[in-house]
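So this note's numbering is basically just the index in the sequence shown, starting at one, shifted up by 64. Contents: one structure, followed by commentary.
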Amino acid sequence: MSPQTKVRPVPNCSIARAVDIVGDRWAFLIVREAHFGSTRFAEFRQVLGIAPNILTSRLSALVEGGILEKRDYRDEGERVRSSYHLTEAGEDLKLVLAALQQWGDVHVPRADGPTVLRRDTHNGGLVSVGFVDEEGSEVPEDEVVFEPIPGGPSDRSTWR
Numbered sequence: 065m066s067p068q069t070k071v072r073p074v075p076n077c078s079i080a081r082a083v084d085i086v087g088d089r090w091a092f093l094i095v096r097e098a099h100f101g102s103t104r105f106a107e108f109r110q111v112l113g114i115a116p117n118i119l120t121s122r123l124s125a126l127v128e129g130g131i132l133e134k135r136d137y138r139d140e141g142e143r144v145r146s147s148y149h150l151t152e153a154g155e156d157l158k159l160v161l162a163a164l165q166q167w168g169d170v171h172v173p174r175a176d177g178p179t180v181l182r183r184d185t186h187n188g189g190l191v192s193v194g195f196v197d198e199e200g201s202e203v204p205e206d207e208v209v210f211e212p213i214p215g216g217p218s219d220r221s222t223w224r
């Protein structure tokens, strides 16, 4: 490593650590498409209209971050290629995507309404994202606070 190269410390804050992996538009849209079933480079590229070099970079970062896993496949008569599949961590981003979608539907809505509805697979009813307590009961947003852990770093400027 050269003297000019700075190693960025791992953030103390879990939000900052998560944003380091999925913190740009393309990463979220790739994960969204993976939740819709896309696994192949060409599928992501076609739906997203993303430049190949950017897609390659974001897929690599999502694999390195443990969001996607890479698997080799070969279509008959073709060379070996990679497909990309959600890991458990990637599957767990469904809630985050739903929360972002819900926020966008409320605060930056399309004139024609939402493009996706969140439905319960058991009864077909619409669902929303919210806070629930340990017993599974909904908690109103205005009754939820973010509370630093006692004994943790109290200077939030060190959390980045």
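All C-beta atoms, glycine included, are put in the ideal place defined by N, C-alpha and C.
Within the stretch 93-149, the runs of beta strand (DSSP E) that reach at least 3 residues and sit entirely inside it are, in chain order, 132-137. Residue environment for Val86: buried (at least 16 other C-beta atoms within 10 angstroms of its C-beta). Ranking Glu128, Asp197, Arg183 by CA distance to the CA of Val191 puts Arg183 first. When C-alpha distances from Ala91 are compared across Phe195, Val180, Val127, the shortest belongs to Val127. Following the DSSP letters along the chain, one finds Ala153 inside the alpha helix (DSSP H) bounded by residues 152-156. Straight-line measurement puts the Cα of Asp169 at about 11 angstroms from the Cα of Asp176.
Closest option to Glu133, judged by alpha-carbon separation, among Asn117, Glu142, Ala153: Ala153. Across the structure, Ala106 and Gly216 are spaced so that their CA atoms are roughly 45 angstroms apart. For the options Gln166, Leu119, Asp206, Asn76, the alpha carbon positioned closest to that of Pro212 is the one of Asn76. Your pair Ala162 and Val208 does not check out as a contact, with CB atoms roughly 17 angstroms apart and the cut at 8 angstroms. Between the alpha carbons of Ser124 and Ile94 lies a distance of about 12 angstroms.
CA-CA distance, Pro116 to Ala80, rounds to 27 angstroms. Per the coordinates, the alpha-carbon of Trp167 lies some 15 angstroms from the alpha-carbon of Arg89.
Nearest to Glu97 by alpha-carbon distance, out of Pro173, Pro178, Leu157, Pro204, is Leu157.
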